[in-house]
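From first to last, the protein sequence lines stand for chains A, B and C.
Mapping of the first sequence onto the numbering used here: position 84 corresponds to residue 84, and the numbering continues sequentially without gaps.
If you want the numbering used here, it's the 1-based position in the second sequence plus 1000.
If you want the numbering used here, it's the 1-based position in the third sequence plus 2000.
Note that CB positions come from ideal geometry on N, CA and C, so glycine has one too.
Please read these numbers as outputs of a predicted model, since none were measured by experiment.
Report on the following structure.
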Amino acid sequence: MADTITVNGTAHPIPDDPRVSLLDFLRQHIGLTGTKKGCDHGQCGACTVIVNGIRINSCLTLAAMHDGDSVTTIEGLGTPDEPSALQRAFLEHDGFQCGYCTPGQICSATAMLEELGADWPSDASESLEGRIAISGEEIRERMSGNLCRCGAYANIVAAIEEVAAGGQS
Amino acid sequence: MTVHFKQDEPDNSNRLDRMKQGVLGKPLPRIEGLAKVTGTAPYAAEYPVENCAEGVLVTATITRGEVASIDRTSVLSMPGVIAVVDDEKMCTRAAQGTANEAPMQGPRQVCYWGQPIALVVAETFEQARDAAKHLKVEYREEQGAPLDPNAVEPEEQEDETVHQGDLAHAMAEAAHSVDVSYTTKGHASAAMEPHAAIAQWDGGKLTVHASLQMLNYNITELADALDMEEENIRLVSRFVGGGFGSKLGISEEVVAAALAAKQVGRPVRVVQSRQQVFQTVMRRSETTQRLRLAADANGKLTGFGHEALVSNLPGEDFAEPVLQSSHFMYGGENRELMLKVARIHRMTAGSVRAPGEAVGMPALEGAMDVLAEKVGIDPVELRLRNIPERDPEEGLPFSSHKLADCLKQGAEAFGWDNGPRQPRQRREGEWWIGTGMASAARVHNISETRARVTLKADGTALVETDMTDIGTGTYTILAQITGEMLGLGPKKVLVELGDTRHPRGPGSGGSWGAASIGSAVYIACKAIREELAAKVGTSEEKLDLREGKTAGGDALTDLLGGNDLAREGHYEPGDIEDDYTASGFGAFFAEVRVNHYTGETRVERMLGAFGFGRVLNAKTARSQCLGGITWSIGVALTEALEFDPRDGHLVNCDLAEYHVPVHRDVPDLDVVLVEERDGAASPIQAKGIGELGMCGGAAAIANAIYNACGARLYDYPMTPDRVLAAMPE
Amino acid sequence: MRPFQFSRAPSLSEASHQTAGDNTLAIAGGTNLLDLMKLQVETPSQLVDINRLGFADIEDTDDGGLRLGALATNTETAVHARVRADYPVLSRAILAGATQQLRNKATNGGNLCQRTRCFYFTNIDQPCNKRDPGSGCGAIDGIAKLHAILGTSDQCIATYPGDMAVALSALGATVQISGGKGERSVPVRDFHLLPGDTPWIENVLEPGEIITGIVLPAPVGGTQIYRKVRERSSYAFALVSVAAIIELTDGKFSRADLAFGGLAHKPWHDPRVGECLLGQPPSAELFEKAADILLKDAHGFGENDFKIPLTRRTLHAVLAQATEDAA
């Protein structure tokens, strides 16, 4: 059994205390504070990271449950020198204000576009089968796990729509 | 060198419009934005501090009484536990905005369920969190604490009371009258970043990284709480993950972290849990409001009454200022306004985004819709007919007044149908569809403030102030003002905020941040321009600067001759505050659908048109408006604090059960910025925009619900149960 | 969160053995368990990670049905081609619950075991007979908007908060359980229990028993609807929800499998509600009659009284929609 977690390509040992959440592991143990703690109970989405390609709330899982897993955080998506397409689109569309929910929104949106591409249906989908057409309503439903109290939703959706349409690439 | 300017007269010189850089007002992306979108912007709890211990607050499980004893031994033997702190200097409430003194201290006295009473410090967060749950506390409980705001004799807020003419007579004589009562439930700020602090001592010097909105007041509050001199304290809040009023004053974790760090001799971090933030910081008071409107046959108001009951803990000065804009919003010579406060033992009531208007305007604008229906005129027209020439109580002129423009431009942009209105005219399947509108108003505030601008020898500029950017766009607009004044691209301007080492700003709150700090920066820049003008033998008024050069081609770097040029701007509002009634105005238009069977309401589209003086950055200003409209949706449909009737504790203290709007609740939104220059508002002719966008918007949704399905509701939020109860068969 | 021993189960039998022990819980997705452990509502001294035991597959059964591995995530289930095609009510129910992030982690087995959202249950400084037997029910005279109107007791008025199990109940699915005494199957409709005098016992699982799968019967077709009424348009628990599988033959109901969420301590399935529809042509009067049967013994606790008319109207809407779609 491997007892490391690979974060943005680098392996890190799993802490001894099994109570450490994946979120606190990222923030407190390996210094990746880009992933935010907003509620610690899976109710705000600020802690969203991508584990083995799938987005999850890092607050509601233990680091100890992720040995051998590969985690991508906001720091792994892009840097100030080389921001990702979504990071650039958020900047351009002002898809944030205070910035605290933003890494979670961007991680979530990154994985969400993959899910849309794979035609996973959502609560907003007219049909469960076939191609899912990208629409504002689809994006809003799929992003509803990421709260933004500043109320930047309209701009976040605009940023995502632009990237979904191939912009900022 | 400090340049002081006290504004006694309106400034209609439009100086900023005559600058040549052309950057002010432009929709620039935020200059700190790249740090935010890449996760590299550090928030309070994220500063790497060596050897930092972790503190977790312990909170009371009684409503009122005393902590009889705390059994430290119950946790001190647990792994990693370092200390239990219950210092008498610990705060039991958050400071109100601009309190400028310590909030309530003395954790042994319990005044509300959930009040902090101690802090457990341990090596790790996991250890501290567990130990905090294990701390054994004995109480001496005082039974019978009043909890129901309607069951106590309230105190009248006499400075809010207006008796003018004879409203009862006007109501009796009116061609049309409305006498309705509204209720609103409590709200939480629910900023995404929980309240957090890291305190570290260096001898007698204390540094605290905290999540705070108004460092200029917070440093005094903390110094008072700790009985220290301000010069021995440094507060740092470079990035603040939202505030919305909840971080105006210092909260319990700031003082607790400082005391704990002293006690254990090493840095201590305290981050409130989400549940604690809900239960220990601030609630917006619930309100009960009565609106009386008397009108003549044409809908012109002859009488205006607005009374409100709010609540707070004993010992708190703050009373949700529900009537704030009602004092001047509409005419009507016979007026009765009264605000009362019930003293009850729920958690502290304080500022939540747009205190007052956030709940007062939705009630007033709901009542106006009822009146429009009675008079039989279009609700936009009813507002237009009742815009007063001057402040109807004070008799003062308005500094500027864009309500009519907002109503007209908003109606136009929305495609408002001003034909006869009747509910239940449009149905698609299970859904009733309708439209509604409301006016917006939010009083203009401005505050004394200082900022230092340094034009560096290398031709860049540095702006320094302890002002914060809580998502409002302060970093960016200060770069734009400086760039405009000094002829620099915004990339040439470095803005440093959120550090009490810098000159005192106004703090972020009450929508006064941009106009206040922007004016101090403007004054400092103007002084620098005077120096530069002298160097090229012209006057400041005639100095044109662009891209680091004068119109004559002199480079700033040459003029500076290798020296920095620094000025501190000190802005002070003067007589203009007393000579004018100043407010932002606006109008909301909403289309909603209401499910006939389930009472669920969805906002289909919504538009706000706002006039708030000069637009400093069209992108961030629009974002502030979008945020306000989003909050309007929460006020109208989803947000409600629920308190247990037996012990007063906040029941739905998390983000699963306190329903902040989610992405799907918020449709495409439209914003119309109605440009104006308000020279009596501030030297930069700007007013605030952080709150206006939610001051009345909920009523546009409520009025649309009525228009859609015929359910006239008087209670916010309009959840499915309430809509169904009011739905005609 | 209290300290606990963490181990990864090497096998199902070992997991069974371990979780039969005192104060030992299995953890799969963990989205509900860790939430409650942080609040110290759940205080296991030992956690057994069963995530890598392998029963995560979704596979056809011999009789044309579908077996959902207990460790398959909610997302894997909702997006599975056969679930979408043959059991759309299940896809819809899952997609109506929680958020994509949570569904990506939450497992089918865990979802069946998720615990109530009652405010008094999740606050360890308030009375709750479910969490602390004998301490009283905080909700009965407290804030009870979300609470049950059917099958309550004077000990507990909490609701089961899930969506997936409501659809499973309408579909007549079966829960596969493995434990010390071997394997057994329990209909989903019998899996959850009413609170009675033992509100802390929420389902039929015995110590050491672990859900390994959920079996869906062969597809029945029909019009399948999951309607969830909630206070936000997404990411909120149901005020009331209805799972419906409806078929009309010659203009009359020939199938009416109905289950309800948000009303009780378990997904509510009352066979009489569907039966009263069978053989009848759809009409508003008939829908009212079905609601009368469903709500005959319903009673509220003040704040949640609205659930009675809301349930009636929602059922009406669902039946009207289903009849329209089926026609």
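Just mark residue i as buried or exposed, buried being the case when its beta carbon has 16 or more other beta carbons within 10 Å.
i, result
"residue 1420 of chain B", "exposed"
"residue 118 of chain A", "exposed"
"residue 2135 of chain C", "exposed"
"residue 2278 of chain C", "exposed"
"residue 1 of chain A", "Interpretation of residue 1 of chain A is limited by its pLDDT of 44, a score under 50 that renders its predicted location unreliable; no figure is taken from the coordinates."
"residue 1425 of chain B", "exposed"
"residue 1002 of chain B", "exposed"
"residue 7 of chain A", "buried"
"residue 1473 of chain B", "buried"
"residue 1191 of chain B", "buried"
"residue 1730 of chain B", "No answer is possible for residue 1730 of chain B: it lies beyond the span of chain B, which begins at 1001 and ends at 1729."
"residue 2054 of chain C", "exposed"
"residue 1298 of chain B", "exposed"
"residue 1077 of chain B", "exposed"
"residue 1136 of chain B", "exposed"
"residue 2304 of chain C", "buried"
Got a sec: is the Cβ-Cβ distance from residue i to anything in chain B below 8 angstroms?
i, result
"residue 147 of chain A", "yes"
"residue 2052 of chain C", "no"
"residue 1 of chain A", "In this prediction, residue 1 of chain A scores a pLDDT of 44, lower than 50, which makes its location untrustworthy; no coordinate-derived value is stated."
"residue 92 of chain A", "yes"
Would you verify that the beta carbon of residue i is, or is not, closer than 8 angstroms to some beta carbon of chain A?
i, result
"residue 2061 of chain C", "no"
"residue 973 of chain B", "This structure cannot speak to residue 973 of chain B, because chain B is shown only from 1001 to 1729."
"residue 2003 of chain C", "yes"
"residue 2170 of chain C", "no"
"residue 2253 of chain C", "no"
Is the Cβ of residue i closer than 8 angstroms to any Cβ of chain C?
i, result
"residue 1148 of chain B", "no"
"residue 1657 of chain B", "yes"
"residue 142 of chain A", "yes"
"residue 1662 of chain B", "yes"
"residue 52 of chain A", "no"
Would you list the residues sitting across from residue i in a DSSP beta bridge?
i, result
"residue 1549 of chain B", "B:1546, B:1555"
"residue 2124 of chain C", "DSSP, once it has assigned bridges, lists no residue as partnering residue 2124 of chain C."
"residue 2252 of chain C", "C:2249"
"residue 81 of chain A", "DSSP output for residue 81 of chain A lists no bridge partner at all."
"residue 2224 of chain C", "C:2245"
"residue 1573 of chain B", "B:1007"
Whose C-alpha, out of the options, is nearest the C-alpha of residue i?
i, options, result
"residue 1130 of chain B", "C:2038, C:2178, C:2266, C:2264", "C:2038"
"residue 94 of chain A", "B:1032, B:1128, B:1154", "B:1032"
"residue 79 of chain A", "B:1039, B:1532, B:1285", "B:1039"
"residue 1141 of chain B", "B:1063, B:1180, B:1070, B:1202", "B:1063"
"residue 1510 of chain B", "B:1676, B:1490, B:1688", "B:1688"
"residue 1711 of chain B", "B:1328, B:1105, B:1725", "B:1725"
"residue 2077 of chain C", "C:2058, C:2063, C:2062", "C:2058"
"residue 1459 of chain B", "B:1727, B:1642, B:1534, B:1483", "B:1483"
"residue 1691 of chain B", "B:1346, B:1152, B:1440", "B:1440"
"residue 1013 of chain B", "B:1694, B:1595, B:1682", "B:1682"
"residue 107 of chain A", "C:2100, C:2213, C:2107, C:2187", "C:2100"
Next item on the list: Spell out a yes or no on whether the stretch 2160-2179 of chain C and the stretch 2114-2128 of chain C are touching, meaning 3 or more CB-CB pairs, one atom from each, closer than 8 angstroms.
Entry: yes
Next item on the list: Specify whether the stretch 1627-1637 of chain B and the stretch 1702-1717 of chain B touch according to this definition: at least 3 beta carbon pairs, one from each stretch, less than 8 angstroms apart.
Entry: yes
Check: Would you call the stretch 1423-1437 of chain B and the stretch 1650-1662 of chain B in contact, with 3 or more CB pairs under 8 angstroms?
Finding: no
Next item on the list: State whether the stretch 2014-2025 of chain C contacts the stretch 1616-1634 of chain B, with contact taken as three or more CB pairs (one from each stretch) at a distance under 8 angstroms.
Entry: no
Item checked: Cβ pair count under 8 angstroms reaching 3, the stretch 1546-1559 of chain B against the stretch 1577-1596 of chain B -> no
Item checked: Three or more C-beta pairs below 8 angstroms linking the stretch 1208-1222 of chain B and the stretch 67-82 of chain A -> no
Note to self: Can you confirm whether the stretch 69-77 of chain A touches the stretch 123-139 of chain A when touching is taken to mean that 3 or more C-beta pairs between the two stretches lie within less than 8 angstroms?
What the structure shows: no
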